[in-house]
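Residue numbers (the working numbering): 569 to 648. Heads up, the beta-carbon is just placed ideally off N, CA and C, and yes, glycines get one too. As structure tokens, the structure follows; a few thoughts come after it.
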């Protein structure tokens, strides 16, 4: 789970939740909720990832691993 991995990274970096909130600009409540439920806005997740030096991990998320023509066919299929 993403929230559990984040919590481990936060602790390895030596940040309390409050310190992470102060340094990142993400509210303490958002950090607590994220670590408890896994819910967080993309903007806040990116801010936290930047502070933990993990922003590059998002590059893989948006890599083009599929043929774009196949994806375009899904959206232009007239049988739907």
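- Assignment of residue 626 by DSSP, reduced to helix, strand and coil, places it in the helix class.
- Burial check for residue 615: the Cβ neighbour count within 10 Å reaches 16 or more, so the residue is buried.
- With contacts defined by Cβ atoms closer than 9 angstroms, residue 591 and residue 583 form a contacting pair.
- Counting the other CB atoms within 10 Å of its CB gives residue 598 a total of 16 or more, which places it among the buried residues.
- Shown here, residue 581 sits in coil according to DSSP, grouped into three states, outside any helix or strand.
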